[in-house]
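*Asks:* In the numbering used here, the protein residues as written are 5 to 288. First, the structure itself, so that you have it in front of you.
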Amino acid sequence: MTAQLIDGNALSRQLRTEVAQRAAALKTRGTTPGLAVVLVGDNPASQVYVRNKVKACEDSGLHSVLEKYDADMSEAALLARVEALNNDPAIHGILVQLPLPAHIDAQKVIEAISPAKDVDGFHIASAGALMTGMPGFWPCTPYGCMKMLESIGYDLRGKHAVVIGRSNIVGKPMALMLLQKDATVTICHSRTADLKAQTLQADVIVAAVGKRNVLTADMVKPGAVVLDVGMNRNDEGKLCGDVDFEGVKSVAGWITPVPGGVGPMTITMLLVNTLEAAERAAGA
Ligand code: NAP
């Protein structure tokens with residue numbers, strides 16, 4: 005069998021059109037959704053990410069502010085900027101680009117963001133809301149994965165989902181979101197004794213590791229849905245995921261490509277979260 009592709013670019017275009025329409029509607033009522041992106045230092049990958057986020061805002065009619073600071077900015081100065089943005093009524097979402105320089109406690113900075121503006125969904129209040137099923141902002145990457153499953157009409161009830169990776173920003177929230185939709189969830193990580201034994205039982209596999217070829221065709225049940233979160237480089241320096249795409253696509257039922265899969269969905273869900281933050285602030 006050849007897997008059907010879940011096209012993250014196409015789904016993103018559709019969702020961003022909806023965001024633009026809702027943003028325009030909110031604007032007519034006096035609120036322009038606004039995102040502040042804060043970058044400290046000159047990490048080249050981070051610079052690309054923040055540029056893409058700001059451009060995506062502009063394309064969807066959201067107001068965005070990019071604040072760039074030198075790598076030697078003090079933690080106190082950054083906390084003061086976050087506090088100012090918390091109090092800025094034109095800003096509905098605050099994103100502090102990670103990683104931060106080593107002298108800054110990233111968790112402390114994240115906790116300084118008002119939960120009402122935590123559009124990255126990394127604040128402990130957001131994590132707690134996800135865990136307890138209360139309203140809050142979901143981390144963008146796993147949220148994007150959920151939207152991809154929704155886009156193919158996949159009913160997770162009673163299905164077995166295996167998440168490979170247990171980070172706070174992808175693996176763990178992914179598992180909680182799948183659980184919330186009544187999947188039976190297994191979380192695997194670097195100490196999992198027999199990864200293949202787990203993945204072979206899965207109806208849905210989410211690979212969020214950061215290593216090429218973590219998932220190969222012999223590890224996938226025929227017809228399974230495979231979502232590839234990983235971002236790696238192959239021997240030619242090209243972007244690739246965690247999944248051996250060519251091999252796995254001959255076994256899986258559905259698969260996301262890299263690039264053009266989960267990546268664009270992450271930024272799209274940031275726009276969705278920012279719009280929702282603005283709608284909540286406006287009482288819409
Ligand atoms: P991370 O914090 O490094 O976590 C990686 C996880 O993979 C850890 O839980 C680790 O287990 C597990 N792991 C490592 N080797 C393993 C193995 N051989 N078998 C099974 N599990 C293994 O990374 P992350 O931030 O979650 O990101 C994961 C990947 O997604 C990266 O490639 C990142 O670039 C990508 N990413 C993509 C997007 C996007 O928009 N597409 C967004 C975020 C991240 P331990 O906990 O035991 O160490």
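C-beta: ideal position from N, C-alpha, C; glycine also. Bear in mind the structure is a predicted one, so any value in this text is a computation, not a measurement.
Between VAL69 and the rest of its own chain, which residues show a CB-CB distance below 6 Å, the 5 nearest in sequence each way excluded?
*Replies:* Residue 69 sits at position 65 when you count from the first residue of the sequence shown. ALA40.
*Asks:* By DSSP's criteria, ARG85 is part of a beta bridge. Which residues make up the other side?
*Replies:* For the purposes of this step, residue 85 is taken as the residue at position 81 of the sequence shown. None; ARG85 has no bridge partner.
*Asks:* Consider the C-beta atom of GLY214 and the heavy atoms of the ligand NAP; say whether any pair is separated by less than 8 Å.
*Replies:* As a position in the sequence shown, residue 214 is number 210, starting the count at 1. Yes.
*Asks:* So within the stretch 5 to 33, which uninterrupted alpha helix (DSSP H) runs reach at least 4 residues, ignoring any that extend past its ends?
*Replies:* As far as the stretch 5 to 33 is concerned, its whole alpha helix (DSSP H) runs of at least 4 residues are 12 to 32.
*Asks:* What does a CB cutoff of less than 6 Å around ASN236 pick up in its chain, not counting 5 residues either side in sequence?
*Replies:* Residue 236 sits at position 232 when you count from the first residue of the sequence shown. Counting only Cβ-Cβ distances below 6 Å, and skipping sequence neighbours, we find ARG216 and CYS244.
*Asks:* Quick one, which of PRO37, VAL123 and VAL100 has its alpha-carbon nearest LYS112's?
*Replies:* If you number the sequence shown from 1, residue 112 lands on position 108. The residue with the shortest Cα to Cα distance from LYS112 is VAL100.
*Asks:* Using three-state DSSP, classify ARG237 as helix, strand or coil.
*Replies:* Position 233 of the sequence shown, counted from the first residue, corresponds to residue 237. DSSP places ARG237 in strand when its eight states are reduced to three.
*Asks:* Compare the C-alpha of ARG170 against each of GLY162, GLY97, ARG284 and ALA179 and name the closest.
*Replies:* The residue given as residue 170 occupies position 166 in the sequence shown. Measuring from the Cα of ARG170, the nearest candidate turns out to be ALA179.
*Asks:* Quick check for students: name the residue ranges of the alpha helix (DSSP H) that lie wholly in the stretch 148 to 195, counting only runs of 4 or more.
*Replies:* Counting only runs of 4 or more, we get 175 to 184.
*Asks:* For the ligand NAP, I want to know if ARG170 counts as a neighbour, meaning its beta carbon is within less than 8 Å of at least one of the ligand's heavy atoms.
*Replies:* Start at 1 with the first residue of the sequence shown, and residue 170 comes out as number 166. Answer for ARG170: yes, Cβ within range of the ligand NAP.
*Asks:* Measuring only from the beta carbon, is ASP246 closer than 8 Å to any heavy atom that is part of the ligand NAP?
*Replies:* Counted from its first residue, the sequence shown places residue 246 at position 242. Yes, since a heavy atom of the ligand NAP falls inside the 8 Å radius drawn around the Cβ of ASP246.
*Asks:* In angstroms with no decimal places, state the Cα-to-Cα distance between PRO200 and VAL247.
*Replies:* Here residue 200 corresponds to residue number 196 of the sequence shown, with the count starting at 1. Here residue 247 corresponds to residue number 243 of the sequence shown, with the count starting at 1. In the sequence on display, residue 200 carries Lys and not Pro. Whole-angstrom Cα-Cα distance: 13 Å.
*Asks:* What does the Cβ neighbour count give for THR136, buried or exposed, with the cut at 16 atoms within 10 Å?
*Replies:* Sequence index remark: in the sequence shown, residue 136 carries index 132 (1-based). It counts as exposed.
*Asks:* Determine the closest residue to ALA75 out of VAL54, ARG55 and ILE108, with distance taken between C-alpha atoms.
*Replies:* Residue 75 sits at position 71 when you count from the first residue of the sequence shown. Residue ILE108 is the option with its Cα nearest to ALA75.
*Asks:* In the DSSP output, which residue or residues are listed as bridge partners for TYR73?
*Replies:* Here residue 73 corresponds to residue number 69 of the sequence shown, with the count starting at 1. VAL44.
*Asks:* Look at VAL266 and ILE259 and say whether their C-beta atoms are less than 9 Å apart.
*Replies:* As a first step, residue 266 is located in the sequence shown; it is residue number 262 there, counting from the start. As a first step, residue 259 is located in the sequence shown; it is residue number 255 there, counting from the start. It is not a contact, given that the beta carbons lie outside the stated cut-off.
*Asks:* Between which two residues does the alpha helix (DSSP H) harbouring ILE128 extend?
*Replies:* Translated into the one-based positions of the sequence shown, residue 128 becomes position 124. Unbroken alpha helix (DSSP H) run through ILE128: 128 to 136.
*Asks:* Taking the beta strand (DSSP E) that ILE98 falls in, what are its first and last residues?
*Replies:* Here residue 98 refers to the residue found at position 94 when the sequence shown is read from its first residue. First-last of the beta strand (DSSP E) with ILE98: 97 to 100.
*Asks:* If you draw a straight line from the C-alpha of LEU19 to the C-alpha of THR272, how long is it?
*Replies:* Residue mapping note: residue 19 aligns to position 15 of the sequence shown, counting from 1. Residue mapping note: residue 272 aligns to position 268 of the sequence shown, counting from 1. One C-alpha to the other measures close to 7 Å.
*Asks:* Decide if the stretch 157 to 170 is in contact with the stretch 204 to 213; the criterion is three or more beta carbon pairs, one per stretch, under 8 Å apart.
*Replies:* These segments touch.
*Asks:* Just curious, the beta strand (DSSP E) that VAL247 is in, first and last residue?
*Replies:* Along the sequence shown, one-based indexing puts residue 247 at 243. That residue, VAL247, is in no beta strand (DSSP E); it is neither H nor E in DSSP.
*Asks:* According to DSSP, is ALA211 helix, strand or coil?
*Replies:* In the sequence shown, counting from the first residue as 1, residue 211 sits at position 207. Of the three classes helix, strand and coil, the one that applies to ALA211 here is strand, per DSSP.
*Asks:* Secondary structure at VAL229, three-state DSSP: helix, strand or coil?
*Replies:* For the purposes of this step, residue 229 is taken as the residue at position 225 of the sequence shown. Correct three-state label for VAL229: strand.
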